[in-house]
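> I have a structure I would like to understand better, so I am pasting it below and will then ask my questions one at a time.
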Ligand SMILES: NC(=O)c1ccc[n+]([C@@H]2O[C@H](COP(=O)([O-])OP(=O)(O)OC[C@H]3O[C@@H](n4cnc5c(N)ncnc54)[C@H](OP(=O)(O)O)[C@@H]3O)[C@@H](O)[C@H]2O)c1
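Numbering (my numbering), first residue to last: 7 to 269.
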């Protein structure tokens, strides 16, 4: 799909991967709808998008709140019509053992990214299917493939997002609406500052995988949209790990456990 003139909704667009993706899409001439809670930060991303030649509109919403998701979708459909691309990127969650996770935090880390993506995609699907074109891109974590110790709620939400991606792909086969999953390794965003304690739980074996900047993730997201690709797992060292995880699951499980956090 060529991005010029297309409507792209990016969640989690106030910083990190989402902000970089919004700028990359705007730079290609897309009209970008920016979603996150922080109205001020969204506005400054919108200004940066305009400077890169595109058009961006900030629509603040708390995607953990289903009513706000519905109101957001109604507004997008009324003002822009069915999005051509939906990037489900907003995500949060500290890395904690299940029984160390407060109930409210467990609910919040499941809401973002999983139930937010579930509800927002559902809101847009009828219009996207009726038009017969479009793409849903889910940004996911390596933990959706390679579970690590001490990040139970986070991992469960990412496995659920992976399940949503796979199930949607089956449902939408032949409709003209594609589904992609983009899985970067560690990214130099503020994720680990925003979710304290998580960084210390990255297993030592994963340090072999280089950190990538948000702009690299944005380029990969643009790539899957422009080339109708189903999946990008990168950098190549993470891809190698993922393949090893499928071929020798016991060995990779052991290595991530052995070099991960223990109680
Ligand atoms: N960083 C990494 O190493 C890495 C690697 C692989 C995958 N990922 C995944 O990629 C996604 C984005 O990560 P990132 O690194 O860009 O993180 P980030 O810099 O912390 O950005 C998270 C974004 O999500 C938004 N958000 C959080 N809670 C929200 C809510 N309730 N409603 C609406 N928006 C909300 C935040 O905006 P507001 O706070 O303004 O709402 C922000 O824009 C996450 O799902 C993460 O797990 C990250």
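Just so you know, even glycine gets a beta-carbon here, dropped at the ideal spot from N, CA and C. Just so it is clear, the structure is predicted and the values come from calculations on it, not from any experiment.
Let's test the definition: count the other Cβ atoms within 10 Å of the Cβ of residue 224 and tell me whether it reaches 16, buried, or not, exposed.
Indexing the chain shown from 1 puts residue 224 at position 218. Residue environment analysis places residue 224 among the buried positions, since at least 16 neighbouring C-beta atoms fall within 10 angstroms of its C-beta.
> In whole angstroms, what separates the C-alpha of residue 73 from that of residue 96?
The count along the chain shown starts at 1 and reaches residue 73 at position 67. The count along the chain shown starts at 1 and reaches residue 96 at position 90. Each residue's alpha carbon lies about 17 Å from the other.
> Would residue 99 and residue 201 qualify as a contact pair, given that the criterion is a beta-carbon distance under 9 Å?
The residue labelled residue 99 in the question sits at position 93 within the chain shown. The residue labelled residue 201 in the question sits at position 195 within the chain shown. Yes.
> Give the range of the alpha helix (DSSP H) segment to which residue 82 is assigned.
Here residue 82 refers to the residue found at position 76 when the chain shown is read from its first residue. Unbroken alpha helix (DSSP H) run through residue 82: 72-86.
> DSSP on residue 171, reduced to helix/strand/coil?
Working through the chain shown from its first residue, we reach residue 171 at position 165. If DSSP states are grouped into helix, strand and coil, residue 171 belongs with the helices.
> For residue 55, count neighbouring Cβ atoms within 10 angstroms of its own Cβ and tell me buried if that reaches 16, exposed if not.
The residue given as residue 55 occupies position 49 in the chain shown. The residue in question, residue 55, is buried, as its Cβ has 16 or more Cβ neighbours within 10 Å.
> DSSP three-state label for residue 295, please.
The shown model of the chain, from 7 to 269, leaves out residue 295, and the question about it has no answer.
> Nearest CA to the CA of residue 198: which residue from 7, 23 and 13?
Locating residue 198 in the chain shown gives position 192, counting from the first residue. Checked all of 7, 23 and 13; the closest Cα to residue 198 is 23.
> Please identify the residue among 171, 163, 253 and 262 whose C-alpha is closest to the C-alpha of residue 104.
Here residue 104 refers to the residue found at position 98 of the chain shown. Cα-wise, what sits closest to residue 104 is 163.
> Does any heavy atom of ligand 1 sit closer than 8 Å to the C-beta of residue 18?
For the purposes of this step, residue 18 is taken as residue 12 along the chain shown, with counting starting at 1. It does: the Cβ of residue 18 is within 8 Å (strictly closer) of some heavy atom of ligand 1.
> Please classify residue 234: is it buried, with 16 or more other beta-carbons within 10 angstroms of its beta-carbon, or exposed?
Position 228 of the chain shown holds residue 234. Residue 234 is exposed by the Cβ-count criterion.
> Is residue 243 a contact residue of ligand 1, with contact defined as CB to any heavy atom under 8 Å?
For the purposes of this step, residue 243 is taken as the residue at position 237 of the chain shown. Flag unset: Cβ of residue 243 not near ligand 1.
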